[in-house]
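Visitor:
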Amino acid sequence: MSQPQSQVHSTISAPAGAISVSHRDLPLSCPPPDAPVWNQHPRVFLPIEDAPNGEAVCPYCGAHYVLTV
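Under UniProt numbering, think of the first position of the sequence shown as 1, with each following residue one higher.
1. Can you check whether the CB of His23 is closer than 9 Å to the CB of Glu49?
2. Tell me the rounded alpha-carbon separation between Ser20 and Tyr65.
3. His23 by DSSP, collapsed to three states: which one?
4. Determine the burial state of Pro31: buried for a count of at least 16 other Cβ atoms within 10 Å of its Cβ, exposed for fewer.
5. Going along the chain, which residues of its own chain have a beta-carbon closer than 7 Å to the beta-carbon of Trp38, five neighbours each way excluded?
6. Using a threshold of 9 Å, state whether the C-beta atoms of Leu46 and Cys58 are closer than that.
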């Protein structure tokens, strides 16, 4: 069974511990709607597409997201 594209990118280009997201995952919110901990903290939208380095960190849980090509 093949991995979803975003998981493939996370093993190739995202730093260790970072969560890789693609343009099809935008707008980015933390926690993501499909996450098992979707109610861990209030949903916050992270403007990763506007970040010069393509990275965003959740102010609540510290999750590190990286926008992949």
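Here a beta-carbon is modelled for each residue, glycine too, at the ideal position from N, C-alpha and C. Just so it is clear, the structure is predicted and the values come from calculations on it, not from any experiment.
Guide: On the basis of the data shown:
1. yes
2. 6 Å
3. helix
4. buried
5. Pro31
6. yes
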